[in-house]
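S.K.:
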Amino acid sequence: AQKVTQAQTEISVVEKEDVTLDCVYETRDTTYYLFWYKQPPSGELVFLIRRNSFDEQNEISGRYSWNFQKSTSSFNFTITASQVVDSAVYFCALSEARKTSYDKVIFGPGTSLSVIP
Amino acid sequence: DGGITQSPKYLFRKEGQNVTLSCEQNLNHDAMYWYRQDPGQGLRLIYYSQIVNDFQKGDIAEGYSVSREKKESFPLTVTSAQKNPTAFYLCASTNRTGWQPQHFGDGTRLSIL
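Residue numbers (my numbering), protein chains in the order written: chain A, -3 to 113; chain B, 3 to 115.
#1: Which chain A residues are close to B/P103, counting only those with a beta carbon under 7 Å from its beta carbon?
#2: Taking any Cβ of chain B, which residues in the stretch 9 to 41 of chain A have a Cβ under 7 Å from it, in chain order?
#3: Between B/G4 and chain A, is any beta-carbon pair separated by less than 9 Å?
#4: Exposed or buried, which one is B/E71 when buried takes at least 16 other CB atoms within 10 Å?
#5: Along chain A, which residues have their Cβ under 8 Å away from the Cβ of B/Q43?
#6: Buried or exposed: A/D25, going by 16 or more other Cβ atoms within 10 Å of its Cβ?
#7: For A/T76, which residues in chain B fall below 7 Å Cβ to Cβ?
#8: Going along chain A in order, which residues have a C-beta closer than 9 Å to the C-beta of B/F106?
#9: State buried or exposed for A/V162, treating a residue as buried only when at least 16 other CB atoms are found within 10 Å of its CB.
#10: Could you spell out the range, first to last residue, of the beta strand (DSSP E) harbouring A/V10?
#11: From this set, A/Y21, A/F71 and A/P36, which residue's C-alpha is nearest A/I45's C-alpha?
#12: Quick one: what's A/C88 bridged to in DSSP?
#13: Give the single residue among A/V15, A/S8, A/A84 and A/V81 whose Cα lies nearest to the Cα of A/T74.
#14: DSSP three-state label for A/D82, please.
#15: Would you identify the three-state DSSP class for B/K85, choosing helix, strand or coil?
#16: Given B/A89, which residues of its chain have a CB within under 7 Å of its CB, disregarding the five upstream and five downstream residues?
#17: Write down the C-beta distance between B/G4 and A/P105 rounded to the nearest angstrom, noting that I regard them as a contact closer than 8 Å.
#18: Does B/R111 get closer than 9 Å to chain A when you measure Cβ to Cβ?
#19: Looking only at C-alpha atoms, which of B/V54, B/A63, B/C93 and B/E74 sits nearest to B/T81?
#20: Could you give the first and the last residue of the continuous beta strand (DSSP E) run that contains B/R46?
#21: Output the boundary residues of the beta strand (DSSP E) element that contains A/S23.
#22: Given a cut-off of 9 Å, decide if A/E13 and A/S78 are closer than it, judged by their beta-carbon atoms.
#23: Below 7 Å on C-beta distance, what does A/T5 contact in chain B?
#24: Give a single yes or no on whether A/L30 has its beta carbon closer than 8 Å to a heavy atom of the ligand HEM.
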């Protein structure tokens, strides 16, 4: 069965600290996609990144970076020099890519990040 | 700007009442989804639709109904059969399933009076 685990329910950091949000997934598929979404207090989920299972290259986008390791089934997200605007709930998600049926997206339970000024 | 509009932002339901949540998108996306969000549980899929006039049950469809008469609209009705409807409801759409990221509306918070 597919599953996404985000063991950190809530994290609080002081502004300018670095913080890593953990994501561990389970799947039997060899082809799949991983996502990170941000949910600010306004409620809308905002897409941050997508990774396919064949691309283990780490990615950096400004203060955000992602570490994908198939060997440990992890897709961790690091925010460098955190800012108050980073305060949000962050979801990791996993999607099958079977093409023959609905490609279900499995969301993790989310990690609530609070950045304290 | 293209996007997804959900209305109302807050909704209250009385016992025995059906209520309908609106979701409209102008992204020309084929697929649309309804999720329910409860604290600490992430998002759970209620219904999804990949094309007009077709929709499928998700993981927690009991007590809910949908329609997809137009590509841009996917309303969700929370029926009186849904005994615990208090939650945050999110609508999403995507051009293709799975590997394309979903675009989300800003949600409707439903509470029981």
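No residue lacks a Cβ here, since even glycine has one placed at the ideal position from N, Cα and C.
M.R.: In this structure, then:
#1: Near B/P103 (Cβ distances below 7 Å), the residues of chain A are F31, F43 and R46.
#2: So the list reads Y29, F31, S38, G39, E40 and L41, given in the order they occur along the chain.
#3: With 9 Å as the cut-off, B/G4 does not count as an interface residue toward chain A.
#4: Label assigned to B/E71: exposed.
#5: Within chain A, the residues placing a beta-carbon under 8 Å from that of B/Q43 are P105, ordered along the chain.
#6: Looking at its Cβ environment, which holds fewer than 16 other Cβ atoms inside 10 Å, A/D25 is exposed.
#7: Neighbours of A/T76 on chain B: none; closest Cβ ~23 Å, over 7 Å.
#8: Here the neighbours are Y33, Q35, G39, E40, L41, V42 and F43.
#9: The shown model of chain A, from -3 to 113, leaves out residue 162 of chain A, and the question about it has no answer.
#10: It spans E6 to V10 - the beta strand (DSSP E) in which A/V10 sits, taken as one unbroken run.
#11: When each option's Cα is compared against that of A/I45, the closest is A/F71.
#12: Paired residue(s): A/W32.
#13: Cα-wise, what sits closest to A/T74 is A/V15.
#14: A/D82: helix per DSSP, three-state reduction.
#15: B/K85 falls in the coil class under three-state DSSP.
#16: Here the set comprises R38, Q39, D40 and L112.
#17: Separation of the CB atoms of B/G4 and A/P105 is rounded to 30 Å, and the pair is thereby denied contact status at 8 Å.
#18: Taking 9 Å as the CB threshold, B/R111 lines the interface with chain A.
#19: The residue among B/V54, B/A63, B/C93 and B/E74 with its C-alpha nearest the C-alpha of B/T81 is B/A63.
#20: From DSSP, the beta strand (DSSP E) with B/R46 extends over L45 to I53.
#21: According to the sequence shown, residue 23 of chain A is Thr rather than Ser. Premise fails: A/T23 is in no beta strand (DSSP E) and is neither H nor E.
#22: It is a contact, given that the beta carbons lie within the stated cut-off.
#23: G42, listed in chain order.
#24: This structure lacks the ligand HEM; in fact it carries no ligand of any kind.
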